[in-house]
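Protein chains in written order, with the working numbering: chain C, 10 to 551; chain W, 807 to 1675.
Remarks on the structure that follows.
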Amino acid sequence: MTSHSLSWLLAVPAISALVVLLLPRSWEGSIRRFSIGAMLVELLLSLRLVFADYSEAGYLFVEQMSWVESFGISYKVGVDGLSLWLVILTTLLSPIALYASWGSITTRIKEYAFSFLLLELGMLGAFVALDLFLFYVFWELMLVPMYLIIGVWGGKDRVYAAVKFFIYTMVGSLLMLVAILYVVTSYKELAGHYSFDLQELSTLVLPAMPQYLLFSAFALAFAIKVPMFPFHTWLPDAHVQAPTGGSVILAAVLLKLGIYGFIRFAMPLFPVASQVIGPVLAGLGVFGIIYGAYAAWVQRDLKKLVAYSSVSHMGFILLGLFAMNRTGISGAMLQMINHGISTGALFLLVGAIYDRRHSRLLDDFGGLAKVMPWYALFFVIITMSSIGLPGTNGFVGEFMILAGAFISRSSIGFGSAWFVMTLLAATGVIFAAVYMLHAVLRIFWGKVVHSENESLTDLNRREVLSLLPLLAMVFWIGLYPKFFLDKMNPAVDSFVSDFTVRYYEGRRTSEPHLIDIDELKLKLEAARGLAMAQPMDEEGAR
Amino acid sequence: MHDEANQQILLLLIILFPLGGAVVNGLLGRYMPKSLVTLVGVGSVAVSFGLAVTAFVELYGLAGPDVEHPALIYQFYEWFSIKLPRGQVVAINVRFLMDSLSGVMTLVVTGVGGLIHLYSIGYMGEDEGYPRFMSFLNLFMASMLILVLGSSLPVMFVGWEGVGLCSYLLIGFWYENRVYAAAGRKAFVVNRVGDFGVLIGMFILVGVAGSFEFTDINAAATGGQFRADFPFGILGVMPSLATVACVFLFLGCTGKSAQIPLYVWLPDAMAGPTPVSALIHAATMVTAGVYLCCRLSPLFITSDVAMAIIAVTGTTTALLAASIAVVQREMKKILAYSTVSQLGFMFAAVGVGFFAAGFFHVFTHAFFKACLFLGAGSVMHAVHAHGDADIFKLGGLKKILPITRWTFLASCLAIAGFPLTSGFFSKDEILLGAAAQIYRPDDALQHAVGWFTLIGLTLAAVMTAFYMFRLYFLTFTGDYRSADQLGDHPYDAHPHESPPSMTIPLIVLGLGALFAGFLGLPHLVPITGTHLPNWWMHWMESSVAGQPAPEEMHVVNLASGLAFGAMAVGISAAWLLYRNKSRDALAERMPKRLFQLAFDKWRVDELYGATIVNPIKQVATVAGRADMTFVDAIMTKLPSLNVREAGRIFSRLQNGVVQMYGAVMIVGVVAVLGFFWAPRSHIEATFEGKNVGLTTPPGLGYEYRWDANSDGEFETAWADAPETSFEYEKRDVRDVAVFIMNARSGVEKRIDVGKDWVRLPVEAVAPAATLRPDDVGFEVRVDGKDLVFRRPDPPTLLAGSKELRLPMGKDGRLGPARVFSRPVVEATVEVRNAFGNSRRATKEITLPFWLEDAPPHAALMSHGSEVVR
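Structure below.
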């Protein structure tokens, strides 16, 4: 079945970006409408993916086309339960972010629309690429428009923030490129030909030592993107300086690429290393949860507060991911969507108030519930989603992550470490309430003390329209997450069992070799049936 | 599990009506006329109450001697699921259950809730936020009903946090007052500390019981599954699973039900409108902790330690809060501390195993405390007091507010435990539980807890009677002290009785306060010793576990005597000190500093501020500052500085000075020579039948000679070939290596065995996910030529044979793991290079076969470390 769904998905933003480039600069209204329209078409196209059958693990909508034959580089794309919702998140948030931007961006409309379409192309490409080279291309492609969005339409220190963002990300990805090349050459020595195809490279099992080094190289790139403590310091700068639309996309989608990179590439390719280093990363995630929450609490700038809350939330996701069981990973995957929705919405809300007051300092507000009741309602609901109140989306993700971490028993002898990590992470639930309610208190409750705030208008149609879909998602995922989880669980189950097989294979081996994972799995099944017979008996001793 | 045909949709509708009311009033309320808001807000709860009664009647019809656990069930849909390590998928269903416990609670919530909604029409009708108020109140009802009717912990948790949210919103209802809003935030955050405990407790429960459903957890607890030790020690002790789970859950209860250490939010919560205080912070939400303990009573009763903690915490809280209430001057504040104290009574009952008695107090308390709060509200409404009313500015209201006065008096009698009122029966049962604990002979811990509880609760009961009648006399007797409009901020000079929408709830609740106790007549009447039918205990039996009621007359007489005496002493003291008086006679008789300390609530808030809140805040401040300076400097500025400086240094090196280049070249040549100076050597072994091939990496100009069995004599002369082969014999064996291998994955690990028992590291070779809990836990040692295995806890797997012997060289199997032993030999090679330098390498080689005709084992590879000598 080659319907070219994914190719269309990549083609629409690419073509639209070119069209925007060709339109005259003065047709501002047309450019605004056209770019939104293209993104809505894109959203509709992507919805098609949802209705496929994900009850079996494996890639759907796969397309493959040779690109650089001599190096085994191909254009290969596909989605599975792991990437599906991230694709949808991208296609949903992109038009929302752009639509919200049209309320405040007034200069260089054409370039802004072009950057956004290119950004969407890069993100989607990175999510659907099944070829490491292709992935790397899209991964780097995203950097450029984001760099421009921050650097051109950003705040006062936009250039510093943009350069910092760019260099930080670049350093990580260069090491990743080296690691990719190492894997590919190792594969060539065994298989006789080059390949960047993820599925082919997945048959390669490396011994532990190179795995550690390669995983570390991948992990650095992804940890910076996540961002994991201590690689997070680019984030507050980037968020504070970026325009609202840029912040929304940055928080909602770009950060997810870090986690996605782990689960799609780093963990399957280097299972031994991720089993050993993973708990350390989870520990840093837990540290990030508390550290981010503390830092968020004392911020005076609302946008910075939300940025630090991202560090805290992404810590949860790391914890769930490296719990290495279905509950934790599914929770992490769902929490990525949740964070995209709630933090995206929070940035929209921050942008809304910034447009009115040209300030984001908590000290400049107070009593807004009186002046902007609808704004207060939206803000409080999103706050509840962000702090994981049951019934909203945040709860389901956090619950699954904490449960997954709690029942995780690492096989490398951490013993009670997971219990302690879960306890510490769960205190993040308390601190989330502390810093978010602190913000709510400072902004909304009390009397209106600044006279500038007395005449503020409530949310306008554009703002309500861009927030409503997110609000609907908050409750949809909160009340019926099964719809989303059912589509990702088979993929996660298969991920975990593949991972286990490859992990043990990697631990046994001292030489790189190629494996047939299905055959190994059958063997494992057979051994399992055998072992279930008797605990220890004469037959066994024979 | 549940029967599809027996779906009782009423349970869902009971919840959906208030929820719908909340949504309608919340979104559209401000555009609707007030009467419509009232209709939606009060009507939805009234309908919900009607449905609850219908359902309860049906439940009552189900109950019979042959039905073990009568319950109505509604399975709505599957919410999500988690997967346990052993592969079991635990579905979390949105499922509601009404049994004898939740049935009564539902009636209380909807009934008392309905009355308070009715009261709110009069009390809040003039407030501009009336629709918002109704919406929040309805949302609270829905959340509370989910809490009560949820059949599993996560669903209950939805309600649990939902009521917390509503509490937050309603405490800060008058949000323009920042102090009120801050009180709301405090309530939410403190409750979240408790919720943290519930979350962790939940995970322990599901890990052991494999289900979130209350019935399954209770069945597992009854089956003794929670008696096992927690997997690892905490602070040097090995508690049982039940203890750890219960302590975490109880932390949640202390948050929601305002017990030490988390009670501090409740007094501040009085910032909310009075109906909120009555409904949420007295009658329903704060009793959720007691409800949870009763819900999981079979679990709690498994852990003596946890029960002792609960009893002591409850008693201490009852005493502490009562001691504060005795000296306060504001109506709602006194009632708030009274609530904390009464909740302490309930937990004390739970802690001594009298769950049903504790819950009976929840039931009676709902009537008299709601009535007291609404009465206080009626007084405040009458005198136009805002926020709270200072009782020293009131007085003499009995003539002006007759309905309020009589209902208030009835409730005061009930809470003090005046004979035949509701509080009399319920408090009596609690003291009876404590007394029974003393006479339980076997356990020193229970004995001590019993004494502490009995004495503590008696003292608290004295204070309860005293502070309630202090409140009553100062408010309703004597002269109205604001009549002359002197002093600071006097109240309205001409108070008036409240409208019927407020007095009707008062009357209904007052009647309940007087007569609700007859549902729980004492099993044994003191002095006479007559047996009476106790409907309550009998009704609760099917869903709540607990200790049996004592049959000895002296226990019953002791409990009743203490309860009656406490009531009499407390009321008399208040009569003497405060009846028709206007001064605080107690305060004048107390030492000034003691009074001040008690009046300042023993300065607990300040203590928490100094020891917990401020240190965390300081750490946060440091973290926030350090992040942008210190962390960013290390991660960003330092690397960028490095790059710049490195660039400078390297550009200096390219300076064109030939001597410099020469020096660098010499360093390089020396390094290369050094690398080649000494030969390198290490050994690898291959196996072909009994023949062992030994190889070492070839090097240019190397020569080799082998001593394959390391006996000091080289078998080969110096030769160019980097390999040899050898057939080992029994006398070459240096050691025996024992391996454990996972039969499923093939992963293996060598274990060190000796004369002493060592634990087999099964978990090191098997993926944790594939292990059953009983797969781990073998120990092994060497005994002569045998390996001996045993389980530290024999009964489960090796019943009958406590030890198992395995001759060396034989393969054995332990669950998913194989165990086998192999001979270890040593091989030596000496390598000589062109410089004449030589080097020896010795390596231990584990043979893949036993040397006594054992079959070769294909999966085995060579092990051991390389030793260079």
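Each residue gets a CB set at the ideal place from its N, CA and C atoms; glycine is no exception.
As the structure is a prediction and not an experimental result, all values here were calculated from the model.
Going by beta-carbon coordinates alone, are G1262(W) and L1125(W) separated by less than 7 Å? Yes.
By Cβ distance below 6 Å, which residues in the same chain neighbour A1127(W) in space, the five residues on each side in sequence not counted? Taking A1127(W) as the centre and dropping the five residues before and after it, the same chain places the C-beta of Y1143, V1146 and S1147 closer than 6 Å to its C-beta, in chain order.
Within-7 Å CB hit, L494(C) to chain W: Yes, because at least one Cβ of chain W sits closer than 7 Å to the Cβ of L494(C).
Taking only the alpha-carbon atoms, compute the straight-line gap between V1070(W) and T1270(W) and give it to the nearest angstrom. Taking the straight line joining both Cα atoms gives about 19 Å.
Out of T1259(W), T1021(W) and G1000(W), which has the shortest C-alpha to C-alpha gap to T1122(W)? Cα-wise, what sits closest to T1122(W) is T1259(W).
is_contact[F1002(W), chain C] using C-beta, thresh 7 Å: So yes, F1002(W) belongs to the interface.
If I follow the unbroken beta strand (DSSP E) through G1589(W), where does it start and stop? The sequence as given places Asp at residue 1589(W); Gly does not occur at that position. D1589(W) -> beta strand (DSSP E) spans E1585 to D1589.
I need the boundaries of the alpha helix (DSSP H) containing R335(C), first residue and last residue. Unbroken alpha helix (DSSP H) run through R335(C): R335 to R366.
Simplified DSSP assignment, three categories, for H1302(W): Correct three-state label for H1302(W): coil.
How many Å lie between Y38(C) and M445(C) at the Cα? Residue 38(C) is actually Gly in this sequence, not Tyr. Near 37 Å, if we compare the C-alpha coordinates of M445(C) and G38(C).
Please name the residue, chosen from Y974(W), L971(W), S949(W) and F979(W), that lies closest to G965(W) on a Cα-to-Cα basis. Comparing Cα-Cα distances from G965(W) to each of Y974(W), L971(W), S949(W) and F979(W), the minimum goes to S949(W).
For Q308(C), go through chain W and note every residue whose CB falls closer than 7 Å to its CB, in chain order. Those within 7 Å of Q308(C) in chain W are G1430.
Reference Y974(W); option with closest CA among P871(W), V1082(W) and D1110(W): In this structure, V1082(W) is the residue among P871(W), V1082(W) and D1110(W) with its C-alpha nearest to the C-alpha of Y974(W).
Can you give me, in chain order, the residues of the segment 318-348 of chain C that have a beta carbon less than 7 Å from any beta carbon in chain W? Taking 7 Å as the Cβ-Cβ cut-off against chain W, the residues of the segment 318-348 of chain C that qualify are N334, R335 and T336.
Sort out for me which residues DSSP pairs P1629(W) with in a bridge. Answer is V1542(W), bridged to P1629(W).
Quick check on DSSP: helix, strand or coil for K1199(W)? In the structure shown, the three-state DSSP call for K1199(W) is helix.
Using a Cβ cut-off of 8 Å, pull out every chain W residue sitting near T436(C), in sequence order please. Within 8 Å Cβ-Cβ: F1002.
Taking the alpha-carbon positions, what's the Y1467(W) to S256(C) distance? Whole-angstrom Cα-Cα distance: 52 Å.
Between the segment 1509-1516 of chain W and the segment 1615-1633 of chain W, do three or more beta carbon pairs fall short of 8 Å? Because the criterion of three Cβ pairs below 8 Å is met, the segment 1509-1516 of chain W and the segment 1615-1633 of chain W touch.
In the DSSP assignment, find the unbroken beta strand (DSSP E) run with Y1510(W) in it and report its ends. In this chain, the beta strand (DSSP E) harbouring Y1510(W) covers E1509 to D1513.
So, is the C-beta of T242(C) closer than 7 Å to a C-beta in chain W? Closer than 7 Å to some Cβ of chain W, the Cβ of T242(C) qualifies, so yes.
Any idea what DSSP makes of I114(C), helix, strand or coil? Coil at I114(C), not helix or strand.
Using DSSP with H/G/I as helix, E/B as strand and the rest coil, what is H522(C)? Residue state, collapsed to three classes: strand.
Closer than 7 Å by C-beta to E548(C): which residues in its own chain qualify, once you throw out the five before and the five after it? Chain order, please. Its pLDDT being 33, under 50, E548(C) is placed unreliably by the model, and the measurement read from it follows with that caveat. For E548(C), same chain residues with a beta-carbon under 7 Å away, outside a window of 5 residues either side, do not exist.
Please say whether L480(C) and W383(C) have beta carbons closer to each other than 7 Å? In this structure, L480(C) does not lie closer than 7 Å to W383(C) by Cβ.
Do we get a CB-CB distance below 7 Å when we pair K889(W) with the residues of chain C? Yes, K889(W) counts as interfacial toward chain C.
So if DSSP puts F1595(W) in a beta bridge, which residue, or which two residues, is it bridged to? The partner list for F1595(W) (beta bridge, DSSP) reads V1586(W) and L1610(W).
Are F1009(W) and F415(C) closer than 7 Å when you measure CB to CB? Using a Cβ distance threshold of 7 Å, F1009(W) and F415(C) count as a contacting pair.
Closer than 7 Å by C-beta to Q894(W): which residues in its own chain qualify, once you throw out the five before and the five after it? Chain order, please. Result list for Q894(W): G1016, in chain order.
For the 8 Å Cβ check, are there 3 or more pairs between the segment 120-139 of chain C and the segment 156-164 of chain C? Judged by Cβ distances under 8 Å, the segment 120-139 of chain C makes contact with the segment 156-164 of chain C, as three or more pairs qualify.
Secondary structure at H1705(W), three-state DSSP: helix, strand or coil? In this structure chain W extends from 807 to 1675, so residue 1705(W) is not present and cannot be described.
Would you call the CB atoms of A106(C) and L314(C) closer than 7 Å? Judged by their CB atoms, A106(C) and L314(C) are not nearer to each other than the 7 Å cut-off.
Are S1304(W) and S1184(W) closer than 7 Å when you measure CB to CB? Cβ atoms of S1304(W) and S1184(W): closer than 7 Å.
Cβ contact (3+ pairs, closer than 8 Å) linking the segment 1084-1092 of chain W and the segment 1026-1041 of chain W: Segments in contact, no.
Between F1224(W) and F1231(W), is the Cβ-Cβ spacing less than 7 Å? No.
For chain C, check one thing: does any of its Cβ atoms lie closer than 7 Å to the Cβ of F1038(W)? Yes, F1038(W) counts as interfacial toward chain C.
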